[in-house]
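Input: a single structure, listed below in structure tokens.
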Amino acid sequence: MMDILLRLFSGIGTFFTEDPIIAFTRFVLIVIGFALAYLGFRRKLDPLIMVPMGLGMIAINSGVLFLNSGSVGTIMLDPMVSEPSALMTLMQVNFLQPIYALTFSNGLVGCLIYLGIGTMSDVSFLLARPWASIIVALFAELGTFVMLVVGYQFFGLPLNEAAAIATIGGADGPLVMFSALIMSPNLFVPIAIIAYLYLTLAYAGFPYLVRLMVPKRFRGVETEMEYPQVSKKAKFIFIISMCTLLCLLLPAAAPLLLSFFVGMAIKEAEILPYHKLLESTITYSATLFLSLLLGTLCSAQTLLDPKVAIILILGVGALTVSGIGALAGGWFIYFLSRRNNYGYNPVVGISGVSCMPTCAKIAQTEVSEENPYSIILPVAIGTTISGIIVSAVAAGIFMATFSVVDILP
Numbered sequence: 001m002m003d004i005l006l007r008l009f010s011g012i013g014t015f016f017t018e019d020p021i022i023a024f025t026r027f028v029l030i031v032i033g034f035a036l037a038y039l040g041f042r043r044k045l046d047p048l049i050m051v052p053m054g055l056g057m058i059a060i061n062s063g064v065l066f067l068n069s070g071s072v073g074t075i076m077l078d079p080m081v082s083e084p085s086a087l088m089t090l091m092q093v094n095f096l097q098p099i100y101a102l103t104f105s106n107g108l109v110g111c112l113i114y115l116g117i118g119t120m121s122d123v124s125f126l127l128a129r130p131w132a133s134i135i136v137a138l139f140a141e142l143g144t145f146v147m148l149v150v151g152y153q154f155f156g157l158p159l160n161e162a163a164a165i166a167t168i169g170g171a172d173g174p175l176v177m178f179s180a181l182i183m184s185p186n187l188f189v190p191i192a193i194i195a196y197l198y199l200t201l202a203y204a205g206f207p208y209l210v211r212l213m214v215p216k217r218f219r220g221v222e223t224e225m226e227y228p229q230v231s232k233k234a235k236f237i238f239i240i241s242m243c244t245l246l247c248l249l250l251p252a253a254a255p256l257l258l259s260f261f262v263g264m265a266i267k268e269a270e271i272l273p274y275h276k277l278l279e280s281t282i283t284y285s286a287t288l289f290l291s292l293l294l295g296t297l298c299s300a301q302t303l304l305d306p307k308v309a310i311i312l313i314l315g316v317g318a319l320t321v322s323g324i325g326a327l328a329g330g331w332f333i334y335f336l337s338r339r340n341n342y343g344y345n346p347v348v349g350i351s352g353v354s355c356m357p358t359c360a361k362i363a364q365t366e367v368s369e370e371n372p373y374s375i376i377l378p379v380a381i382g383t384t385i386s387g388i389i390v391s392a393v394a395a396g397i398f399m400a401t402f403s404v405v406d407i408l409p
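Everything in the sequence shown is counted per UniProt numbering, starting at 1 for the first residue and increasing by one.
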């Protein structure tokens, strides 16, 4: 009788037949999924990511059933299958397998999000004051390079794996996924999961870092908003030129670069049908499926990989050091601006971490609490765009270098 009940309610029954460690991990992940979804609902974390991701995490760890082969599993997704015939079979059974195989595991979903990010980006400030934005963005890559060294020297990771994990410091989810796919496909799933978890937690953690590194009296500093006007023609030529140059120099990152610059070009060319399509439908559809897939990838078997602990440590280290570096860059530009007699708020520095538009919004929120009349958002957005470009350049160099290094005799 008990055996019949366990098979009838297999989601519960599998808890009693699996390895106790896996069963306990499933329970913990269900609780974490509930917490993430609820915090997204309360707007403590980014709801666009956390609500579907939390529910996906709950479902993949609750909906475990007994399979005909005698093993246990789900009918949602198997990210580890690679043999073509097995993949074709699963694409007819697992409801998220086609989306994963055709959009996630080849980086397409990241490129779609980059198209949307491009349509939301304005390069006016970047062109009006390029050096301020670029310097802050360079400082914000500190975590990437520090954790590359730490991962290689102290954790003994191969260069390609250390580099793939270190890109989490750039705080650019699609870029992290794409880089991991090229440099370390065996760690692609845990890196993608942890990257997005940390990027959303940055939504809650970076304000405290700002308050720690920028005293209250400096957070309300006025930022100069009178910059030379940049024509649409100049912006469009810049977009085309940068796309050409960066694709020539960094062909490994060309898909992401093309997506980002196409989005910006459509915005500046005022192609309204494409702009509306990319800014709303494509961006939000891609974000929904990305978040749902990330949640369903959070199975106990996946996250019990021993290397996940290393990714957790290096990931949080990379983001923290990048945030510190970005604010240090903000202070650097602040002192330069005092010498040149124009206003610059050091809080803008946090927007050099290229989580678009989260970090720019964090900067504006922290400033507004001290001085409601200090508007830094346009400057912060320009700095974030610089951060995206610099992160893409760094990742492109990593992909071109460490993917090659890994296969050398």
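We put the beta carbon where it would ideally sit given N, CA and C, even for glycine.
For clarity, every value in this text was computed on a predicted model and none was experimentally measured.
In the pairwise beta carbon analysis, the region 343-354 is classified as not touching the region 191-198: fewer than three pairs are separated by under 8 Å.
Counting along the chain, the unbroken alpha helix (DSSP H) around ALA309 starts and ends at 307-339.
Taken through DSSP and simplified to helix, strand or coil, VAL72 comes out as strand. Around the Cβ of GLU161, a 10 Å sphere holds 16 or more other Cβ atoms; the residue is buried. Here the alpha carbons of ILE237 and MET264 stand approximately 11 Å from one another. Residue GLY170 holds the alpha-carbon nearest to the alpha-carbon of MET147 among ILE135, GLY170 and ALA137. By alpha-carbon distance to PRO79, the top candidate from VAL393, SER285, THR103 and GLN229 is THR103. Remark: C-beta atoms of ALA394 and GLU141 approach each other more closely than 8 Å. Contact between the region 38-45 and the region 58-69 is absent: fewer than 3 CB-CB pairs across the two stretches fall below 8 Å. For PHE66, the beta-bridge partners assigned by DSSP are VAL72. In chain order, THR223, ASN345, VAL347, VAL348, ALA363, GLN364 and VAL367 place their CB closer than 8 Å to the CB of ILE376, counting only its own chain and leaving out the 5 sequence neighbours on each side.
C-alpha of CYS359 to C-alpha of PRO185: approximately 28 Å in a straight line.
A contact between stretches requires three or more CB pairs, one per stretch, nearer than 8 Å, and the region 293-311 fails this requirement with the region 114-131. Scanning the region 217-292 for uninterrupted alpha helix (DSSP H) segments of 4 residues or longer gives 232-249, 254-268 and 272-276, listed from N- to C-terminal end. The C-alpha of GLN229 is placed about 11 Å away from the C-alpha of ARG129. When Cβ pairs closer than 8 Å are counted between the two stretches, the region 208-224 is seen to touch the region 323-336, the count reaching three or more. A direct Cα-Cα distance of roughly 29 Å separates GLY396 from GLN97.
It is roughly 13 Å from the alpha-carbon of GLU270 to the alpha-carbon of LEU277. Residue burial is scored here from C-beta neighbours: ARG219 has at least 16 other C-beta atoms within 10 angstroms and is therefore classed as buried.
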